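One structure is given here, and the rest of the page talks about it.
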Amino acid sequence: MNDGPAYAMTFSSGPQPIDDFAPKLGGDPVWLEAPQWPLCHRHERSMGFIGQFRLPGQPLRMAYLFMGGRCELTFEPDAGENALIVQPGRVPGFIETIPVATGDSLVGPEVLIDLDEVEQAELERGESYLLGEPTWLQHRQHPPGGPWSFFFQLHSSVPGVYEVNFGDGGVGYGFLSGDEQEGRFLWQC
Numbered sequence: 121m122n123d124g125p126a127y128a129m130t131f132s133s134g135p136q137p138i139d140d141f142a143p144k145l146g147g148d149p150v151w152l153e154a155p156q157w158p159l160c161h162r163h164e165r166s167m168g169f170i171g172q173f174r175l176p177g178q179p180l181r182m183a184y185l186f187m188g189g190r191c192e193l194t195f196e197p198d199a200g201e202n203a204l205i206v207q208p209g210r211v212p213g214f215i216e217t218i219p220v221a222t223g224d225s226l227v228g229p230e231v232l233i234d235l236d237e238v239e240q241a242e243l244e245r246g247e248s249y250l251l252g253e254p255t256w257l258q259h260r261q262h263p264p265g266g267p268w269s270f271f272f273q274l275h276s277s278v279p280g281v282y283e284v285n286f287g288d289g290g291v292g293y294g295f296l297s298g299d300e301q302e303g304r305f306l307w308q309c
C-alpha cells in the first residue's frame with residue numbers, strides 16, 4: 121500500500137519540441153541513457169512512443185512508455201506488445217530493443233504533463249495520476265512475478281488534447297518492480 125501523496129496529471133501544450141526530462145506525452149523520448157526503443161514482439165516492428173515520466177526521488181531516473189499499434193494483446197503486461205522502459209534500469213527479458221532515438225508517436229503533438237499533489241480520496245475513477253493507489257476499471261490486476269508498486273494511471277484520452285487506444289474509454293496502469301529497475305504496463309476498458 122502506498123501511503124504517500126498522489127499527483128494528479130493535467131495536460132497542456134508546451135514549447136515544441138519538449139527536449140528536457142519533463143513528463144510528457146507524444147513527440148520523441150528524451151533519453152537519459154543510450155536509446156532503447158522496444159520492438160513489438162509479435163510483429164518485430166518498432167512500438168509507438170506514448171510518453172515519458174520521471175521516477176520520484178534522486179538521482180534523476182526516467183520511465184518511457186511504448187505500445188504496439190496493431191495488436192490486440194497490448195493490454196497484457198508481459199506479452200511483449202507494450203513496454204515501460206526504466207533508465208537507468210533493466211529491460212524485461214521478453215522485450216527486445218534497438219538503439220534508435222526517434223520513431224513513431226502514438227499520441228501526436230507533444231503534451232506537457234503538470235503534476236499537482238492531491239489526496240488519494242480526491243481522485244476520481246479513471247483519472248490520470250502518478251503514485252497513490254490505482255483505481256481499477258475492472259478487477260485488481262497487478263503484473264505477474266512481483267512485487268510491483270503502482271507508478272501511474274493514464275486515461276486513454278483528454279478531449280482536444282490527446283488520445284491513445286486503450287480500448288473504449290480505457291485506462292492504462294504503470295508499475296515498477298520492487299527494486300525500481302523494471303517497468304510493466306497494462307490497460308483495462
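Here the sequence shown is numbered in this note's numbering, starting from 121 and rising by one per residue. For glycine and all other residues, C-beta sits at the position ideal for the given N, C-alpha and C. All values derive from a computational prediction rather than experimental measurement.
Inclusion of Pro-125 and Leu-251 in the CB contact set at 8 Å is warranted, their separation being smaller than that value. In this chain, Trp-151 is not harboured by any beta strand (DSSP E), its DSSP state being neither H nor E.
The beta carbon of Ala-128 is closer than 6 Å to those of Asp-236, Val-238, Tyr-249 in its chain, skipping five residues each way along the sequence. Comparing C-alpha distances from Asp-299 to each of Gly-266, Gln-308, Glu-283 shows the shortest one belongs to Gly-266. Pairing Gly-287 with Phe-295 gives a Cβ-Cβ distance that is not under 8 Å. Counting along the chain, the unbroken beta strand (DSSP E) around Thr-130 starts and ends at 126-132. Annotation: the continuous beta strand (DSSP E) that includes Gln-273 extends over 268-275. For Thr-217, the closest alpha carbon among the candidates Gly-146, Ala-154, Met-182, Val-284 is that of Ala-154. Around the Cβ of Glu-164, a 10 Å sphere holds fewer than 16 other Cβ atoms; the residue is exposed. Thr-194 sits in a helix when the DSSP states are folded into three classes. For Trp-256, there is no enclosing beta strand (DSSP E), as DSSP marks it with neither H nor E.
Beta-bridge pairing by DSSP links Met-187 to Gly-168, Asn-202.
The residue among Ser-133, Phe-305, Trp-151 with its C-alpha nearest the C-alpha of Pro-208 is Trp-151.
Residue Val-231 holds the alpha-carbon nearest to the alpha-carbon of Glu-283 among Leu-159, Pro-263, Ala-241, Val-231.
Around the C-beta of Asp-139, fewer than 16 other C-beta atoms lie within 10 Å, and the residue is accordingly described as exposed.
In this structure, the alpha-carbon of Gly-200 lies about 26 Å from that of Ile-233.
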